[in-house]
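Here's the structure we're looking at; comments come further down.
In my numbering, the protein residues as written are 2 to 75.
This is the structure we're talking about:
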């Protein structure tokens with residue numbers, strides 16, 4: 002997935018920016034290019050949808066306290 006699509010962004014660039022988009026730290030021209038690519042590329046749109054769903058699933062999990070001996074056991 003390294004070829005460009007109509008937005009001018011390459012798929013590898015989209016993948017590299019995915020985490021920033023998910024955490025809300027992608028802004029300005031880079032966000033605009035990311036969104037343009039998402040709209041014009043079905044594969045990357047699906048990638049974002051799946052990553053978003055995974056992130057929401059992870060946020061829904063209960064936080065657990067690690068065992069007191071975890072560091073010692075490692």
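Note that CB positions come from ideal geometry on N, CA and C, so glycine has one too. Because the structure is a prediction, the values reported are computed rather than measured.
Residue burial annotation: residue 69 is exposed, with fewer than 16 other C-beta atoms found within 10 angstroms of its C-beta. Just so you know, the alpha carbons of residue 64 and residue 23 end up roughly 20 angstroms apart. A direct Cα-to-Cα measurement between residue 47 and residue 62 gives close to 23 angstroms. About 19 angstroms separates the CB atoms of residue 38 and residue 56; that is not less than 8 angstroms, and the two are not in contact.
Residue 49 is classed as buried because its beta carbon has at least 16 other beta carbons within 10 Å across all chains shown.
In this structure residue 27 touches residue 35 by the C-beta definition: roughly 6 angstroms separates them, less than 8 angstroms. Listed in chain order, the alpha helix (DSSP H) elements of length 4 or more contained wholly in the segment 24-57 are 29-41.
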